[in-house]
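*Asks:* Numbering (the working numbering), first residue to last: 14 to 100. Okay, handing you the structure first.
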């Protein structure tokens with residue numbers, strides 16, 4: 014698949030912080046899906062999946078722990094996520 018364009022992804026509200034003191038959190042991990050124009054981005058304890066062509070948010074999940082690494086399976090639509098849990 015060749016991507017002709019990729020939209021700017023608005024990550025301002027993806028990290029879960031709200032209010033006047035809220036500031037954008039920086040993404041620290043990303044995974045691209047090989048079979049579709051989809052990108053998953055880790056922001057804090059959240060994983061947000063976007064349509065890379067339109068910039069639309071597809072799904073969001075709060076894992077409750079910081080994401081270390083992510084990768085999509087090359088043969089299925091599953092994503093593997095490694096998290097860091099500190100007791």
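All residues carry an ideal CB built from backbone N, CA and C; glycine is no exception. These figures come from a predicted structure and were not determined experimentally.
Of the choices 57, 41, 80, 67, whose alpha-carbon is the least far from that of residue 49?
*Replies:* For the purposes of this step, residue 49 is identified with residue 36 of the chain shown, where counting begins at 1. Ranking 57, 41, 80, 67 by Cα distance to residue 49 puts 67 first.
*Asks:* Can you find the residues in the same chain that come closer than 6 Å, C-beta to C-beta, to residue 77, ignoring five residues on each side of it along the sequence?
*Replies:* Working through the chain shown from its first residue, we reach residue 77 at position 64. Only 58 meet the Cβ criterion.
*Asks:* Go ahead and pull the three-state DSSP assignment for residue 62.
*Replies:* As a working mapping, residue 62 is identified with position 49 in the chain shown. Residue state, collapsed to three classes: strand.
*Asks:* Using only the alpha-carbon positions, how far apart do residue 91 and residue 52 sit?
*Replies:* As a first step, residue 91 is located in the chain shown; it is residue number 78 there, counting from the start. As a first step, residue 52 is located in the chain shown; it is residue number 39 there, counting from the start. Their Cα atoms are separated by approximately 12 Å.
*Asks:* Going by C-alpha to C-alpha distance, which of 71, 60, 81 sits closest to residue 97?
*Replies:* As a first step, residue 97 must be located in the chain shown, where it is residue number 84. If we check each option's Cα against that of residue 97, 81 comes out closest.
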